[in-house]
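Protein sequence lines, in the order shown, are assigned to chains A and B. Everything in the first sequence is counted per my numbering, starting at 1 for the first residue and increasing by one. Everything in the second sequence is counted per my numbering, starting at 242 for the first residue and increasing by one. Quick reminder that beta carbons are idealized off the backbone N, C-alpha and C, glycines included. Reading through the structure tokens given below for one structure.
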Amino acid sequence: MQNKIIEIKNLNYFYPDKTPALSNINLEVHEGQSIGIIGPNGAGKTTLLLHLNGILQGQGSVRICGMQINKEDLPKIRSKVGLVFQDPDSQLFMPTVFDDVAFGPINMDMPKEKIPSLIEKALNEVDMLKAKDKLAHHLSFGEKKRVSIATVLSMKPEILAMDEPTSNLDPKHRRKLINFIKDSKLTKIIATHDLELVLEVCQQVIILDKGIIVSQGNTKDILSDKTLIEAHDLEIPFSLQ
Amino acid sequence: MQHSYIDKYWDLESPVHKIDPRFKIIGCVGFILFAIFTAPTSFLTFASYGLLLAVLIALSKVPLRFILMRCLVIVPFVLMVAMFIPFMKKGQFAGGYSLGSLKLTVTYDGLFIFWNVLIKAFLSIMALTLLISTTKFTQFLKALQRLNIPQVFIMILSFMYRYIFVITDELELMLRAKKARSIGGSRWFHFKTLSNMLGVLFLKSYEKGETVYLAMCSRGYNGDIKTIDEMYIKKSDVAFLIIMFSTLSCIRFFIN
């Protein structure tokens, strides 16, 4: 068995108004695995992702690559977990694509002479090298999504945590993105409503509803369980019907 | 959606575009200082400064119309401030209005200061417009950073440049959605809707700010922004500054 790269034990998180957002979450992810997190709107998927690099810190234990999330290890953990937000306009905050992809590596104090080649490599991986000097606002939505991924790839993460990676993408760019995810050797956590995507790229899937993990297991088994799927406002993917 | 970008002509090929942004900023600030410290009576000096700008604009290949239109956007603000000067200054009586018991008098001294403010503001605005329209905005920000302008100002400008278009898009979409559902209704009702929309826009941008901050934190942001420098001083940059300041000094001391 490969190393445990993510280990979450008894994680509870409450919103500032005391509404429980996550309750008693237990999760283990091994190196190289792809895990899909599915569930209805407001189930806590994004909240769970935000716990992976210490943006939110609830009660309980979250260990990433063997490190407990705490103040000293936070910079290290953030460089291990590449978090891609749903809205690329939040992810891309610097004026040019180059500056945006450089933001992570510079903050990690990587040697300056190495950074340009890292940026080129990251942009190349998502096929966006040609946009290097463009302004983020001049890109199409699909391009912004891909650059968003490059902004975390340049940090050389071990875990890629993505929030709705395929939302609002046209079929061609969705396909390109799925192929990219499939080819990537990193550990992946994908929170999404796109069940076909989950079926294609994730070996394991978690159903999250009202902040509770209601089911966890092999993707195909879970996605073809009609009663379970429909009880949580989901639908069996077309290719399994 | 279409936007009018402040640095629309940054990618033209011209000697002015090629100058290092830092040197352009210094040259521009120098020009403004020279213009400000000119006596109001030196009409010829003002004309020469104008000529110098005209030469630079011609060299830059930026359409004169574009620069003048940009200046016109700012001039009304100057006018608004300067409008009262002719009435406030005491001196030789030039004319007056009588509005019932209220008597307004205009003096020659006042008019003189008014002209002085206008011409200096116009020259400065023109120089700044030329600077901004021949420099890529991102390069302009980097230059400011290298000139030791406080980081927080640069961040504010940088975020503004990045998100102003996102927010105007958002507003445009909301206006479109409103239009699609606007059938009749009183003018007051539409006015009230507009204020609600502004509220929503404010909330949206506030929330966007929060997520952007989270996105920054998750990529290791810890309070200071670091960027990579890619600016190298060329001989031509130094030459530009020398020519600029010697021309300005010549105008100042010989034409009077």
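So residue i contacts chain A; which residues on that side make the cut at Cβ distance below 8 angstroms?
i                         : result
serine 399 of chain B     : Met94 and Pro95
asparagine 463 of chain B : Pro75 and Asn107
lysine 433 of chain B     : Neighbours of lysine 433 of chain B on chain A: none; closest Cβ ~29 angstroms, over 8 angstroms.
threonine 379 of chain B  : Pro95, Thr96, Asp99 and Leu135
Since residue i is in the beta strand (DSSP E), which residue starts that stretch and which ends it?
i                      : result
tyrosine 13 of chain A : 4-14
Does residue i come out as helix, strand or coil in the three-state DSSP assignment?
i                         : result
glutamate 31 of chain A   : coil
lysine 188 of chain A     : strand
alanine 43 of chain A     : coil
isoleucine 206 of chain A : strand
serine 215 of chain A     : strand
glycine 82 of chain A     : strand
glycine 36 of chain A     : strand
serine 224 of chain A     : coil
leucine 388 of chain B    : coil
proline 88 of chain A     : helix
proline 20 of chain A     : strand
leucine 369 of chain B    : helix
asparagine 26 of chain A  : strand
tryptophan 251 of chain B : coil
arginine 460 of chain B   : coil
serine 436 of chain B     : helix
aspartate 183 of chain A  : helix
tyrosine 447 of chain B   : helix
methionine 485 of chain B : helix
tyrosine 246 of chain B   : coil
lysine 112 of chain A     : coil
glutamate 120 of chain A  : helix
leucine 56 of chain A     : coil
histidine 173 of chain A  : helix
aspartate 478 of chain B  : helix
glutamate 242 of chain A  : Nothing in the structure corresponds to residue 242 of chain A, since chain A is present only between 1 and 241.
tyrosine 473 of chain B   : coil
glutamate 158 of chain A  : coil
Starting from residue i, follow the alpha helix (DSSP H) in both directions and report where the run begins and ends.
i                        : result
leucine 340 of chain B   : Per DSSP, leucine 340 of chain B belongs to no alpha helix (DSSP H); it is in the beta strand (DSSP E), 334-340.
aspartate 410 of chain B : 392-422
glycine 104 of chain A   : 97-107
arginine 146 of chain A  : 141-153
Give me whichever residues DSSP pairs with residue i in a beta bridge.
i                        : result
glutamine 68 of chain A  : A:Arg63
aspartate 163 of chain A : A:Ala191
aspartate 127 of chain A : Paired residues: none, contrary to the question.
valine 257 of chain B    : Its beta-bridge partners do not exist; DSSP assigns none.
leucine 253 of chain A   : Residue coverage of chain A in this structure runs from 1 to 241, which leaves residue 253 of chain A outside it and unanswerable.
Name the chain B residues that come within less than 8 angstroms of residue i, Cβ to Cβ?
i                        : result
glutamine 68 of chain A  : Result: empty, since nearest Cβ-Cβ is about 18 angstroms, beyond 8 angstroms.
threonine 243 of chain A : As shown, chain A starts at 1 and ends at 241. That puts residue 243 of chain A outside it, with no answer to give.
Determine the chain A residues that contact residue i at a beta-carbon separation under 7 angstroms, and present them in chain order.
i                            : result
threonine 376 of chain B     : Within 7 angstroms Cβ-Cβ: nothing; threonine 376 of chain B doesn't reach chain A, min ~13 angstroms.
valine 453 of chain B        : Ser90 and Phe93
threonine 348 of chain B     : Going along chain A, no residue has its Cβ under 7 angstroms from threonine 348 of chain B, so there is no contact; the nearest lies around 49 angstroms.
phenylalanine 406 of chain B : His137
Name the chain B residues whose beta carbon is nearer than 7 angstroms to that of residue i?
i                        : result
aspartate 104 of chain A : The question names aspartate, yet the displayed sequence has glycine at residue 104 of chain A. Within 7 angstroms Cβ-Cβ: Arg460 and Gly461.
Residues of chain A with CB closer than 9 angstroms to the CB of residue i, please, in chain order.
i                       : result
tyrosine 250 of chain B : In chain order: nothing, as chain A lies at least about 15 angstroms away.
Counting only Cβ pairs nearer than 9 angstroms, list the residues of chain B close to residue i.
i                    : result
serine 79 of chain A : Arg460 and Gly461
Kindly provide the ranges of any beta strand (DSSP E) runs that are 3 or more residues long and lie completely inside the segment 275-363 of chain B, ordered along the chain. 334-340 and 343-348
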